[in-house]
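Student:
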Amino acid sequence: MANRIPLIAGNWKMNKTNSEAVELVKRLKVLVKSIKANDCEIVVCPPFTALSDVAKELKGTNIYLGAQNLHFEDSGAFTGEVSAQMLKEIGCKYVIIGHSERRQLFGETNAAVNKKIFAALKQGLKPIVCVGETLSERERDKTKDVIKKQITESLANVDVNKIVLAYEPIWAIGTGKTATPEQAQEVHAFIRSLIKSESTRILYGGSVKPDNIKELMKQKDIDGTLVGGASLDAESFAKIVKY
Ligand code: PEP
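Heads up: the sequence shown begins at 4 in our numbering, then just goes up one per residue.
(1) Any beta carbon from chain D within less than 8 Å of G179's own beta carbon?
(2) By the three-class DSSP mapping on this structure, what secondary structure does T228 have?
(3) Please report the residue range of the alpha helix (DSSP H) in which A241 lies.
(4) Can you determine whether any heavy atom of ligand 1 sits closer than 7 Å to the C-beta of S210, and answer yes or no?
(5) Is the region 23-30 touching the region 203-217 in the sense that three or more CB pairs, one from each, lie closer than 8 Å?
(6) Can you give me the C-alpha to C-alpha distance between P82 and A233, rounded to a whole angstrom?
(7) Using only alpha-carbon positions, find the residue among F51, M89, I205 and K39 that is nearest to N18.
(8) If you pair each beta-carbon of the region 176-185 with each one of the region 145-164, do three or more pairs fall below 8 Å?
(9) Of the residues A40, A12 and K125, which one's Cα is nearest the Cα of M89?
(10) For A40, collect the residues of the same chain with a Cβ closer than 7 Å to its Cβ; drop the 5 residues on either side in sequence, then sort them by chain order.
(11) Among all the DSSP beta bridges, which residues are the ones paired with A169?
(12) Could you check whether V35 and V47 sit closer than 8 Å to each other, using their CB atoms as the reference points?
(13) Checking 8 Å against the spacing of the C-beta atoms, do C133 and S103 come in under that value?
(14) Would you report the Cα separation of L10 and L229, rounded to the nearest angstrom?
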């Protein structure tokens, strides 16, 4: 059994002004200070506008900083975009890439996700790469086909030992409907068979809450979670971290 340190990451999406973000981490860092880095890695991913001040607040704590997206070019005429180098310098360790909202609402393709992974790795950032099927794909029994295509194309030529994966069934994101631990484990095991790595961490995401985290984390191939809504409240995120 590979020794994979659990990772719990909070994706704040487009929530929290800078001052609200700082308030949230001030509370969170007190609540989770007893957690050892070897027991669980804790990551928060605030919006870009709050990264700098949150980074200052997190100095010397056991909470790592992550971003929610990046552009694959190093610099240049890309209005509104942010590069890996900018994220690195500000103190990010992780960056979420290919979240389903980016794919669905902003047209992000597997090819773009692949370029973003290489841009992140070049700067020493750890990508958290998201994959997942829609409800209609699941109902048509296409889950494994969709996941296989996303994994194959997004991770082309990528060293899977340098990234974290997140399986996020789209029908479970922000809907209150969690995949059952067995449904999630089945897809996680499938992903592990595709990437052929025992050391790569595979997170589950989709309506993770303090009351369902324990059962999910009992599954053999679930190595942590990507948490949306429940990460916006320090108490509930701390409960998830301390599952
Ligand atoms: C997410 O968007 O990554 C997510 C898992 O959201 P939620 O926990 O709110 O379902």
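Beta carbons are placed, not taken as given, at the ideal position from N, Cα and C, and that holds for glycine. Quick caveat, the model's predicted, so the values are computed rather than measured.
Tutor: With the structure as the only source:
(1) Absent here is chain D; the protein component of the structure consists of one chain.
(2) strand
(3) A237 to V244
(4) yes
(5) no
(6) Here the sequence assigns Thr to residue 82, which means Pro is not the residue at that position. If I take the Cα positions, the gap works out to 32 Å.
(7) F51
(8) no
(9) K125
(10) N65
(11) C133 and L206
(12) no
(13) yes
(14) 8 Å
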